[in-house]
Amino acid sequence: MKFWLYSHQTKTVKESDNILSLLSLGNHEVISVVGGGGKTHTVFEISHELVKQGKKVILCTTTAMMFPEEPVYTGNNIEEIKSMFKNSLVIVGTRIGPKKMGPPDSSIYDQLDSICDYLVIEADGSRQLPLKFPRSHEPVLHPRSTLVIGLAGIDSFGAKLEDVCHKPPTAVELLHKTNEDIIDEKDIAFILESEDGQMKNVKCRYIAIINKVDDDTRYNNAILVAQNLKNHDCIFSTYDL
33 MKFWLYSHQT KTVKESDNIL SLLSLGNHEV ISVVGGGGKT HTVFEISHEL
83 VKQGKKVILC TTTAMMFPEE PVYTGNNIEE IKSMFKNSLV IVGTRIGPKK
133 MGPPDSSIYD QLDSICDYLV IEADGSRQLP LKFPRSHEPV LHPRSTLVIG
183 LAGIDSFGAK LEDVCHKPPT AVELLHKTNE DIIDEKDIAF ILESEDGQMK
233 NVKCRYIAII NKVDDDTRYN NAILVAQNLK NHDCIFSTYD L
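Using the numbering used here, you'd call the opening residue of the sequence shown number 33 and step up by one each time.
In structure tokens:
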């Protein structure tokens with residue numbers, strides 16, 4: 033996998049094979065990931081890289097995500113969770129269906145960030161579509177989030193709005209387009225940086241990720257999007273779901 037960081041200040045690009053080297057994380061972070069498809073892959077990529085560095089990491093969701101293949105702690109005992117940090121990722125949640133994982137038990141959720149180095153949260157849903165505007169009750173950010181990561185898929189570039197946007201009527205209204213109109217770099221940048229988009233209710237540090245940058249054309253399109261971001265850096269990633 034490859035990653036690139038586009039700096040909005042210097043207009044330069046830094047390449048890396050490790051996403052952590054581009055995120056500039058502190059010693060303790062609560063990371064909430066929102067936006068389009070690829071959030072699950074992103075939270076696991078970040079979490080596993082942190083575990084490799086010997087960090088205590090808890091992964092959870094505040095909404096719903098596909099039930100992982102890895103073991104999930106579904107109880108409500110903080111002491112039991114503390115005993116699970118042995119160079120492994122601790123996933124905490126509840127089963128809400130045969131294939132879905134929900135948030136941790138409410139009795140322990142507020143304590144999780146106090147017992148780990150990094151709490152990594154999938155805080156939004158998108159039905160795996162590359163673009164999303166949050167609904168009235170979304171996203172569900174942790175109140176002590178220190179970093180919010182907003183995702184958009186570059187496979188939306190050049191596609192019809194109705195084919196790539198979660199809840200197309202909302203996108204039609206906010207982008208001032210029709211269902212048949214084509215998504216361009218300004219649209220994606222708006223979604224990534226707007227308070228109606230991925231920056232809704234964000235009160236902490238924010239960075240954008242454009243995923244599925246898997247060839248030269250998509251890389252060049254991602255550069256166009258990043259150049260339209262006014263105040264934030266942007267990471268490109270090659271991984272896809």
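We treat Cβ as the ideally placed atom computed from N, Cα and C, and that holds for glycine. A quick note: this is a predicted structure, and the numbers were derived from the prediction, not measured.
Asked: Sheet register partners of H198 (DSSP bridge); Found: K164
Asked: Minimum length 4: unbroken alpha helix (DSSP H) runs contained in the region 188–239; Found: 193–196, 200–207, 217–225
Asked: 8 angstroms contact criterion, which I220 and A191 should meet: CB distance rounded; Found: Not really, about 11 angstroms apart at Cβ, beyond 8 angstroms.
Asked: Which of helix, strand or coil DSSP assigns to L273; Found: Bear in mind that the predicted position of L273 carries a pLDDT of just 39, short of 50, making it unreliable; the figure below should be weighed with that in mind. L273: coil per DSSP, three-state reduction.
Asked: One or two residues paired with R127 in a DSSP bridge; Found: M133
Asked: Stretch pair the region 119–134 + the region 92–102: three plus CB contacts closer than 8 angstroms; Found: yes
Asked: Three-state class that DSSP yields for F76 in the structure shown; Found: helix
Asked: Exposure label - P175; buried when at least 16 CB within 10 Å; Found: exposed
Asked: Alpha-carbon spacing of I153 relative to D248, whole angstroms; Found: 31 angstroms
Asked: Length of the line joining the Cα atoms of S177 and V66; Found: 12 angstroms
Asked: Alpha carbon of G1 to alpha carbon of C236, nearest angstrom; Found: Because the chain is modelled from 33 through 273, residue 1 falls outside the range shown and cannot be assessed.
Asked: For I214 and Y38, the rounded distance between their alpha carbons; Found: 24 angstroms
Asked: CA nearest to the CA of V245, picked from T106, L121, S188, Q160; Found: S188
Asked: Counterpart residues of I267 in DSSP-defined beta bridges; Found: L37, I241
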